[in-house]
Amino acid sequence: MIKLGIIGTNWITQQFVDAAHATKKYQLTAVYSRTTEKAKQFGEKNGATGFFDNLTDFFKSETIDTFYIASPNSLHFEQAKQGIENDKNVIVEKPIVSNIKQMEILRQTLEEHPQARLFEAARQVHQPNFKVVKGQVAMLDRVQGATLTYMKYSSRYDAVLAGETPNVFTLNFAGGALQDLGVYVAYDAVGWFGMPDDVAYYPTLTSTRVDGKGVAILRYPEFDVTLNIGKTSNSYLGSEIYGLKDTIVMDNPAELGNVSIRDEAGKETVIGTKPADNPMISEAEDFARVINDPQNELNDRDYWTWLDLSQNVNKLLYNLRQSGKIVFPDDAQ
């Protein structure tokens, strides 16, 4: 049984804990929060018995062998590094870190602590329909581009409109649309088409100077991919990948609830399957498979494939930010 410790007590942490418990391969043993009271409030209802308000003690605890980190974006790097340095496995909610340099340091730290494993919780990569789309793209006679749209109004934007500065909409905490919903479509693009040759990002900034929404153009040798992302409005557009006469159609490139292909006559064939009610179950299963048997050849290959993909997505997001002239404080370090 994997002994799980978590940082973060919000809804996404609860969803991961539920998924982990559903696999019957994890046991939540400890919770860190800024106050012990808050850690207990979240942890006791989920079966935890250890509660921490000191990060050093938390990462050194022998009651934990795997950490799940869902703190504000700007804290991911230092916390992930501290977990690895204690020879523990670390699962970090997306985005894994804020810039290329931080990712390189984590890779170096992993080399110094070979018993540790590092995962980015990019859930849709582990879902069956992501792999279905990847396989269908490979079968197209010719790829002529794609349009991937993920725009969902954030409840925290109400606070911005009221003159407040919630973490997810501040530069200091590495917030904004690209670092949130943009991670999903970046994973889709890199996972299905590889790294682009050139990129451009056209952000619409909020009053807090982060991107509330934006359009990214990824240039490949023979086609372009357009990413439409936003946290300040809702979009109900589907997403598409264009072949020569066939088109792969998705309801949502992050959820991938409905995936089909339309032929030149417009006939639709469903190629996806119904996702699990909890979209994090697939990633929790995959992470447990690697953690429990890291020397298995297939598990080892999958692990490094995911880590390389995570590093490429991190590079893409950083390059898009540079194009859009969005600079985080950590970029200067």
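Here the sequence shown stands for residues 14 to 346, numbered as in our numbering.
Don't be surprised by glycine CBs; every beta carbon is placed ideally from N, CA and C.
Who are the Cβ neighbours of residue i in its own chain at under 7 Å, not counting the five residues just before and after it?
i      : result
Gln28  : Asn291 and Met293
Tyr163 : Leu194, Tyr197, Val198, Ile242, Asn265, Pro266 and Ala267
Leu320 : Leu131
Could you check how far apart the C-beta atoms of residue i and residue j are, in whole angstroms? I think they sit under 8 Å.
i      : j      : result
Pro2   : Gly227 : Nothing can be reported for residue 2: it is not among the residues displayed for the chain, which extend from 14 to 346.
Thr42  : Ile77  : 6 Å
Gly204 : Val110 : 19 Å between Cβ atoms; not a contact.
Ala52  : Phe64  : 4 Å
Ile254 : Val150 : 6 Å
Leu119 : Ile97  : 7 Å
Asp66  : Thr49  : 5 Å
Gln115 : Asp343 : 7 Å
Gly256 : Asp154 : 6 Å
Ser323 : Ala190 : Wrong, their Cβ atoms sit about 20 Å apart, outside the cutoff.
DSSP three-state call for residue i: helix, strand or coil?
i      : result
Phe186 : coil
Phe80  : strand
Ala345 : helix
Ser248 : coil
Thr42  : strand
Gly243 : strand
Lys144 : helix
Tyr197 : helix
Asp224 : strand
Asn180 : helix
Arg314 : helix
Phe236 : coil
Glu281 : strand
Thr62  : coil
Met152 : helix
Lys51  : helix
Ser74  : coil
Roughly how many whole angstroms lie between the Cα atoms of residue i and residue j?
i      : j      : result
Gly337 : Asn86  : 19 Å
Ile339 : Ala297 : 32 Å
Pro127 : Gly251 : 42 Å
Leu333 : Gln92  : 25 Å
Val173 : Leu311 : 46 Å
Leu184 : Asn99  : 29 Å
Ala301 : Tyr233 : 35 Å
Lys328 : Ala229 : 14 Å
Val156 : Asp276 : 14 Å
Glu75  : Tyr81  : 15 Å
Val105 : Ala278 : 44 Å
Taking all protein chains shown into account, do 16 or more other C-beta atoms lie within 10 angstroms of the C-beta of residue i, making it buried, or fewer, making it exposed?
i      : result
Lys37  : exposed
Asn309 : exposed
Trp24  : exposed
Lys107 : buried
Thr79  : buried
Trp317 : exposed
Lys258 : exposed
Ser168 : exposed
Thr62  : exposed
Glu125 : exposed
So, at 8 Å on beta carbons, what are the nonlocal neighbours of residue i in its own chain, with the 5 sequence-adjacent residues on each side left out?
i      : result
Val145 : Val272, Ile284, Gly285 and Thr286
Tyr170 : Phe182, Thr219, Gly225, Lys244 and Thr245
Leu269 : Gln137, Gln140, Asn142, Phe143, Val146, Met263, Gly285 and Pro288
Lys94  : Ile118, Leu119 and Thr122
Val212 : Ala229, Ile230, Leu231, Arg232, Leu329, Asn332, Leu333 and Ser336
Pro307 : Arg130, Asp313 and Tyr316
For residue i, collect the residues of the same chain with a Cβ closer than 6 Å to its Cβ; drop the 5 residues on either side in sequence, then sort them by chain order.
i      : result
Gly60  : Leu41
Leu161 : Val198, Asp201, Leu240, Ser252 and Pro266
Ala159 : Val238 and Ile254
Met14  : Gln40
Phe341 : Ser111, Leu184 and Ala187
Does any residue of chain C bring its CB to less than 9 Å from the CB of residue i?
i      : result
Tyr331 : The structure shown has no chain C; it contains just one protein chain.
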